[in-house]
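Novice: Quick one: this structure, given as structure tokens, is what I'll be asking you about.
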Amino acid sequence: MDYLKHTLAEAERVFGEKSKAAAWVSQPRAVFGNKSALELACDEAGYQRVKEQLARLEQGFVC
């Protein structure tokens with residue numbers, strides 16, 4: 012599975028714009044231990060953490 016590709020696709024779905032999704036996945040986040048979503052999503056466990064955070068954002072929780 013291409014975790015990076017799926018991470019970006021999921022972010023684009025949540026944010027509705029490629030530019031917003033690209034900015035979100037590339038910036039370090041405290042919730043990810045000051046790593047970016049792309050850094051974290053290099054394996055199944057990291058991908059799941061990013062996916063869970065995107066689901067929280069989609070439901071209105073701010074990170």
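With our numbering applied, the sequence shown has no gaps in its numbers, which climb one by one up to 74 at the end.
Even for Gly, the Cβ is constructed at its ideal location relative to N, Cα and C.
(1) Less than 8 Å separating the beta-carbons of ALA22 and LEU65?
(2) Can you list, in chain order, the residues of its chain whose CB lies under 7 Å from that of LYS62, leaving out five sequence neighbours each side?
(3) Give a yes or no on whether the C-beta atoms belonging to VAL42 and GLU69 are separated by under 8 Å.
Specialist: The relevant details are as follows:
(1) Result yes, Cβ atoms of ALA22 and LEU65 sit closer than 8 Å.
(2) Its chain contains GLU21 as the residues whose beta carbon lies nearer than 7 Å to that of LYS62, once the 5 sequence neighbours on both sides are disregarded; these appear in chain order.
(3) Cβ distance not < 8 Å, so VAL42 and GLU69 don't count as in contact.
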